[in-house]
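Student: When you number the sequence shown by my numbering, it's gap-free, plus one each residue, and the end is 125. Note that beta-carbon positions come from the ideal geometry of N, C-alpha and C, so glycine has one too.
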Amino acid sequence: MKKIIFLILISFSSFAQKDKNELTETINTFFEGLNKKDTSLLSRVIHEDCSLNTVLIKADNNSELKKEEIANFLKSIGSIPAGMKIEERILSIELMQDEALASAWVPYEFYVNDKFSHKGTNLITLVKTNDFWKITAIIDTRKK
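1. Which stretch, first to last residue, makes up the beta strand (DSSP E) that contains Gly64?
2. Pairing CB atoms from the segment 46 to 61 with CB atoms from the segment 77 to 88, are three or more of them under 8 Å?
3. Might you give, ordered along the chain, the residues of its own chain that have their beta carbon closer than 7 Å to the beta carbon of Thr122, omitting 5 neighbours on each side?
4. What residue range is occupied by the uninterrupted beta strand (DSSP E) comprising Leu76?
5. So, is Leu15 buried or exposed, given that buried needs 16 or more other C-beta atoms within 10 angstroms?
6. Does the Cβ of Lys1 lie closer than 7 Å to at least one heavy atom of the ligand MG?
7. Would Glu69 pass as a contact of Phe113 if the rule is Cβ separation under 8 Å?
8. State the Cα-Cα distance for the pair Asn53 and Gln(-2), rounded to the nearest angstrom.
9. Over what stretch of residues does the alpha helix (DSSP H) that includes Leu72 continue unbroken?
10. Where does Glu29 fall in DSSP's three states?
11. Compute the distance between the beta-carbons of Asn34 and Met65, then report whether it is under 8 Å.
12. Hey, would you say Thr5 sits closer than 8 Å to Ile74, going by beta carbons?
13. Rounded to whole angstroms, what's the CA-CA distance from Lys109 to His28? Just pull it up for me.
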């Protein structure tokens, strides 16, 4: 009996680690696509119904919510001039998961042409469909 319980625990742990690896890979692919300005790479990991929102933190600590359509986001990334370098540096990824639903807390710093622009945190929601994790929502904070 102990052997069966042990095998079940190992199997559960293996599945959990596999999902964690896949979630991390999906998130890393998103930021790789962003940093490379590669909309086809971004599109691979973004769900077609993905929602994008930003909470702008103002100097007086008030905030403003901005919504962006996924098509406009991809168009804006694709239209960044070749000579302009953007880089969103991920500081950490904290994952939470329940079956086919997951979220990631992802603090970052953003640079344009190697110059600091802003920092904040991404809250990313992911759903597993057809054995693939897709990003269904991103809300981030932006502050100087």
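Tutor: The short version:
1. For Gly64, no beta strand (DSSP E) encloses it, and the DSSP letter there is neither H nor E.
2. With the cut-off at 8 Å, the segment 46 to 61 and the segment 77 to 88 do not touch.
3. Within the same chain, and ignoring the five residues on either side of Thr122 in sequence, the residues whose Cβ sits closer than 7 Å to its Cβ are Val36, Ile38, Gly101, Thr102.
4. Per DSSP, the unbroken beta strand (DSSP E) holding Leu76 starts and ends at 75 to 79.
5. Classification for Leu15: buried.
6. As for the ligand MG, it is missing from this structure, which has no ligand bound.
7. Cβ distance not < 8 Å, so Glu69 and Phe113 don't count as in contact.
8. When rounded, the distance between both Cα atoms is 35 Å.
9. In the DSSP annotation of this structure, Leu72 is not part of any alpha helix (DSSP H), being labelled neither H nor E.
10. Strand at Glu29.
11. No, they are not a contact pair.
12. Yes.
13. Cα to Cα, Lys109 sits roughly 10 Å from His28.
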